[in-house]
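Note that the UniProt record's numbering numbers the sequence shown so that position 174 is 174, with each residue one more than the last.
Encoded as structure tokens, the structure appears first; notes follow it.
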Amino acid sequence: MSAEPYEAESRQAMLFGDPLEGIDGEGLGYRGPVACAAAGITYRQLDYWARTGLLQPSVRAARGSGSQRLYSFKDILVLKIVKKLLDTGVSLQQVRQAVSQLQNRGVDDLASITLMSDGASVYECTSTDEVIDLLQGGQGVFGIAVGRVWREVEGSLAELPIEHLSDHVDELAELRKRKLRSIS
């Protein structure tokens, strides 16, 4: 039975290619406004979450005035999940724990996770049996299928600009250099 999902995954990859091709990879990232648009959050939220350590950009962190943070696909996926959890009333403390768990997983692992919450705790479910066990507890819970959120983010990012880290020069730093050259 364990060979069947692998075979289906291989066939899907042959038919559709790498699902993250062109939107995620080494040295590729998205600026803050693009991350906000894809995750459905405000720039103020993004900045606050980065400054308080809830989610740091994994491609490039801000380094002083004028530098741009660059977020990976996984970062933006987690940002969208954070927003969904906060919108449903999950405490920031529980959201921080969920973010920590999600960041420890590989990108491919995230698609098979369902996050369940009863409002007080967040549970990471990787099988249908785990979801059913939570539902049979009799308490009200809600779930976030990370694979579905993945597809939403993927669709949003396909329409938005991506930055190549190696090609990127900070515009403000470049303006300062030009100004210094013109003065000297």
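Cβ atoms here follow ideal geometry from the backbone N, Cα and C, with glycine treated the same way.
Can you have a look at residue i and say buried or exposed, based on whether 16 or more other CB atoms are within 10 angstroms of its CB?
i           : result
residue 87  : exposed
residue 48  : exposed
residue 5   : Summary for residue 5: the model assigns pLDDT 43, below 50, so the residue's position carries little reliability; its value from the coordinates is reported in the next sentence. The residue is exposed, with fewer than 16 neighbouring Cβ atoms inside 10 Å.
residue 98  : buried
residue 135 : exposed
residue 74  : buried
residue 178 : exposed
residue 100 : exposed
residue 67  : exposed
Identify the continuous alpha helix (DSSP H) that holds residue i and give its terminal residues.
i           : result
residue 160 : From DSSP, residue 160 is part of no alpha helix (DSSP H); its letter is neither H nor E.
Name the DSSP bridge partner or partners of residue i?
i           : result
residue 143 : 116
Spell out whether any CB of chain C is found under 8 angstroms from the CB atom of residue i.
i           : result
residue 107 : In summary, chain C is missing from the structure at hand, where a single protein chain is found.
Examine the Cβ distances between the stretch 124-136 and the stretch 54-66 and report whether three or more of them are shorter than 8 angstroms. no
For the stretch 26-43 against the stretch 74-94, are there 3 or more C-beta pairs whose distance is under 8 angstroms? yes
Ranges of the beta strand (DSSP E) found wholly within the stretch 55-141, counting only runs of at least 3: 114-117, 122-125
Would you say the stretch 102-116 touches the stretch 139-154, given that touching needs at least three Cβ pairs under 8 angstroms? yes
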